[in-house]
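*Asks:* Got a structure here, written out as structure tokens. Questions coming.
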Amino acid sequence: MLRAFQVQGARGQQLAAWLALPPAACAARPAPVVVALHGWGANGSTLQRIVEPLVHAGMAVVLFDAANHGDSSAEAFSSLPRFAEDLAAVLNTLRQVPSIDSRRVALLGHSVGAAAVLLHTARHGGVRAVVSLSAFAHPRDVMQRWLQEHHIPQRWPGLAILAHVQEVIGERFDDIAPEHQMACIHCPVLLVHGEHDQVVPLLDAHRLHSALRCGDLLVVKGDHDLRCALAPYTDHLVRFFGTHLGTSTLEYLQVAESA
9 MLRAFQVQGA RGQQLAAWLA LPPAACAARP APVVVALHGW GANGSTLQRI VEPLVHAGMA
69 VVLFDAANHG DSSAEAFSSL PRFAEDLAAV LNTLRQVPSI DSRRVALLGH SVGAAAVLLH
129 TARHGGVRAV VSLSAFAHPR DVMQRWLQEH HIPQRWPGLA ILAHVQEVIG ERFDDIAPEH
189 QMACIHCPVL LVHGEHDQVV PLLDAHRLHS ALRCGDLLVV KGDHDLRCAL APYTDHLVRF
249 FGTHLGTSTL EYLQVAESA
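Residue numbering for the sequence shown follows the working numbering, beginning at 9 and increasing consecutively.
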């Protein structure tokens, strides 16, 4: 079902990617697409469970490995902005695929991948809907939790570490924080978060929800990973994407409910 292809990134990186098309997709009848981005230290295969139900509901799906992850090329470092840049490169490549309707694009991301899809959507638009899985509200909070876990004092050398990270990635934390992107996102956003998430507290999801212009928060019984926790909500995700991508999911949902 998944066809492999390569994407050339803006930094010269080679990104491994995979495309799944619904049977009816062709140049005369291009399909809407959901592009999914994994989290830190993971790869595209961790989101593979979403492929089959979305394809059966008439949507194409693209998975890819961010640079320094999976089968993609190595770089000096990874960062939230670089995840977003890799996503932009994949979306640009998809505009050249005749069987994909580049006017009907939705994004899904997990953890840092979720922060990246929110950042991309806020800065570039062109997205019909976003599903954010286990997103953090602010990268400074993530870094401060890391400092605490490693027993590094917050003031010194903690402040120096935070300043160095921002210098290396070339962005201020405040400028890439998901909670600061929400005001610039005009499409519907579905926030999904595990009530037992020990990596990113559920409070972060509520902060993001309060900043949303349009969207909702779905709290599920799960932790940060969510792969198993999302299984009971597959129809919910299919309906959300189908509604905003203009795809009829009625037949798929009827089959799913009778199974």
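For each residue, glycine too, the CB sits at the ideal point set by N, CA and C.
1) May I ask you to list the residues that DSSP assigns as paired with F13?
2) Classify H46 as helix, strand or coil using the three-state DSSP reduction.
3) Tell me, to the nearest whole angstrom, how far the beta carbon of V43 is from that of V98; I am working on the premise that it is less than 8 Å.
4) With respect to the alpha helix (DSSP H) encompassing H188, which residues constitute its N-terminal and C-terminal limits?
5) Any chance you could list the beta strand (DSSP E) runs of at least 3 consecutive residues sitting entirely within the segment 192-253, in chain order?
6) Please name the residue in S119, L198, T54, T242 whose C-alpha comes closest to that of F72.
7) Between H201 and G230, what straight-line distance do the alpha-carbon atoms span, to the nearest angstrom?
8) Is it right to say D109 is buried, meaning 16 or more other beta carbons lie within 10 angstroms of its own, or is it exposed?
9) Is the distance from the Cβ of P38 to the Cβ of V63 below 8 Å?
10) On the premise that L220 lies in contact with V197, defined as a C-beta separation below 8 Å, what is that separation, rounded to the nearest angstrom?
11) What is the DSSP secondary structure of V263, reduced to helix, strand or coil?
12) Using 10 angstroms around the beta-carbon of D182, count the other beta-carbons present and answer buried if the total reaches 16, otherwise exposed.
13) Which residue wins for smallest C-alpha separation from R235, given the options G52, E179, G17?
14) Which two residues bound the contiguous beta strand (DSSP E) that contains H118?
15) Which partner residues does A68 have in the DSSP bridge list?
16) Please list, in chain order, all residues of the same chain as M9 whose beta carbon is under 8 Å from its beta carbon, the five residues on each side excluded.
17) Hey, L95 and L45 are a contact pair by Cβ (cut 8 Å); roughly how many whole angstroms apart?
18) Once DSSP output is grouped into helix, strand and coil, what is the label at A137?
*Replies:* From the atom records:
1) DSSP, once it has assigned bridges, lists A25 as partnering F13.
2) coil
3) With a contact defined as Cβ atoms closer than 8 Å, V43 and V98 qualify at about 6 Å.
4) 186-189
5) 197-202, 223-228
6) T54
7) 8 Å
8) Buried is the call here.
9) no
10) 6 Å
11) Interpretation of V263 is limited by its pLDDT of 48, a score under 50 that renders its predicted location unreliable; the figure taken from the coordinates is listed afterwards. DSSP places V263 in helix when its eight states are reduced to three.
12) exposed
13) G52
14) 108-118
15) V41
16) The residues A28, V59, E60, V63, in chain order, have a CB closer than 8 Å to that of M9 in the same chain once the five nearest residues on each side in sequence are set aside.
17) 6 Å
18) strand
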